[in-house]
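Chemist:
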Amino acid sequence: MTQRLSSQPATYGGSAGRPNPEVECAFRRVFVVDPTATPAGGARLDVTAEHDPETGSVVLYIAGEVDLATADTFDEQLRGYLVAGNTRVILELTQVGFLGSAGLAALVAAARRADELDLALRLVTDTHPVLRPLEITGLRELFEIRKTVDEAIRT
């Protein structure tokens with residue numbers, strides 16, 4: 187895992203809400219899970235965080251598989267940003283190819299923690315690999331789900 191701190195504005199607004207090098211915003215990239223490192227079993231999880239200190243908003247861009255092999259890393263990252271001082275945590279999940287039961291458990295724990303801290307937790311996705319597990323487990327109603335990061339920030 188590597189950390190990156192930057193005083194340069196990050197970019198925002200690319201396809202599927204991913205950063206776009208041609209559009210600037212107030213968010214700063216503050217954490218990246220090393221995409222070359224893979225946990226046991228070969229599953230891969232990339233986490234990129236952008237933080238706007240003025241509004242207390244954090245967007246976590248999650249890509250890869252959230253399963254038993256990666257859930258601890260996923261949970262650790264969520265807990266790291268679900269803290270007092272942040273008002274809104276947005277999980278951008280459109281690049282998640284698989285969401286297993288361990289990932290669902292981490293999301294439920296994050297929802298509880300956000301509720302305890304009175305933080306807004308929003309999911310951004312319109313993809314089957316994320317929505318289907320939420321639907322069949324009855325967990326979809328637990329989360330505010332938006333289709334774009336812009337929509338999640340505005341609401």
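For the sequence shown, our numbering gives the first residue as 187, with consecutive numbering after it. The beta carbon of each residue, even a glycine, is placed where N, CA and C say it ideally should be. Keep in mind the model is a prediction, meaning the values are calculated, not measured.
Are the CB atoms of L305 and T311 within a distance shorter than 8 angstroms?
Modeler: Stepping through the sequence shown from its first residue, residue 311 is reached at position 125. Stepping through the sequence shown from its first residue, residue 305 is reached at position 119. Against a cut-off of 8 angstroms, the Cβ pair of L305 and T311 comes out as no contact.
Chemist: Please name the residue or residues paired with S243 in a DSSP beta bridge.
Modeler: By one-based count along the sequence shown, residue 243 stands at place 57. S243 pairs with D238 and R274.
Chemist: For F260, does the three-state DSSP call read helix, strand or coil?
Modeler: In the sequence shown, the residue the question calls residue 260 occupies position 74. If DSSP states are grouped into helix, strand and coil, F260 belongs with the helices.
Chemist: Do A249 and V275 have their CB atoms nearer than 8 angstroms?
Modeler: The count along the sequence shown starts at 1 and reaches residue 249 at position 63. The count along the sequence shown starts at 1 and reaches residue 275 at position 89. Taking 8 angstroms as the Cβ cut-off, A249 and V275 do not qualify as a contacting pair.
Chemist: So, using beta-carbon positions, are A300 and L309 closer together than 8 angstroms?
Modeler: By one-based count along the sequence shown, residue 300 stands at place 114. By one-based count along the sequence shown, residue 309 stands at place 123. Not a contact, by the Cβ cut-off of 8 angstroms.
Chemist: Near L285, what residues of its chain come up, given a Cβ to Cβ distance below 7 angstroms and the 5 sequence neighbours on each side ignored?
Modeler: Here residue 285 is taken as the residue at index 99 of the sequence shown, counted from 1. Here the set comprises V252, P315, V316 and P319.
Chemist: Just verifying my parser: in three-state terms, what is the DSSP assignment at V294?
Modeler: Here residue 294 refers to the residue found at position 108 when the sequence shown is read from its first residue. Three-state DSSP puts V294 in a helix.
Chemist: I'd like to check one pair, A235 with A257: are the Cβ atoms closer than 8 angstroms?
Modeler: Reading the sequence shown from its first residue, position 71 is the one you call residue 257. Reading the sequence shown from its first residue, position 49 is the one you call residue 235. Not a contact, by the Cβ cut-off of 8 angstroms.
Chemist: Classify R299 as helix, strand or coil using the three-state DSSP reduction.
Modeler: Within the sequence shown, residue 299 is the residue found at index 113, counting from 1. The answer is helix: DSSP assigns R299 an H, G or I state.
Chemist: Less than 6 angstroms between C-beta atoms, sequence neighbours within five positions excluded: which residues of the same chain meet that for A229?
Modeler: Translated into the one-based positions of the sequence shown, residue 229 becomes position 43. Only E251, D253, A255 and T256 meet the Cβ criterion.
Chemist: Residues bridged to V310 by DSSP?
Modeler: Start at 1 with the first residue of the sequence shown, and residue 310 comes out as number 124. E278 and R332, per the DSSP bridge assignment.
Chemist: Which whole-angstrom value is the C-beta distance of L328 and A297, which I expect to be below 8 angstroms?
Modeler: To locate residue 328, count along the sequence shown from 1; it is residue 142. To locate residue 297, count along the sequence shown from 1; it is residue 111. Going by Cβ atoms, the distance from L328 to A297 rounds to 5 angstroms, so yes, they are a contact pair.
Chemist: Is V269 helix, strand or coil by DSSP?
Modeler: Walking along the sequence shown from the start, residue 269 turns up at place 83. In this structure, V269 counts as coil in the three-state DSSP scheme.
Chemist: Can you look up V218 in the DSSP assignment and give me helix, strand or coil?
Modeler: Numbered from its first residue, the sequence shown carries residue 218 at position 32. Caution is warranted here: a pLDDT of 45 is assigned to V218, below 50, making its placement in the model unreliable, and the coordinate value is therefore given only provisionally. It is a strand residue.
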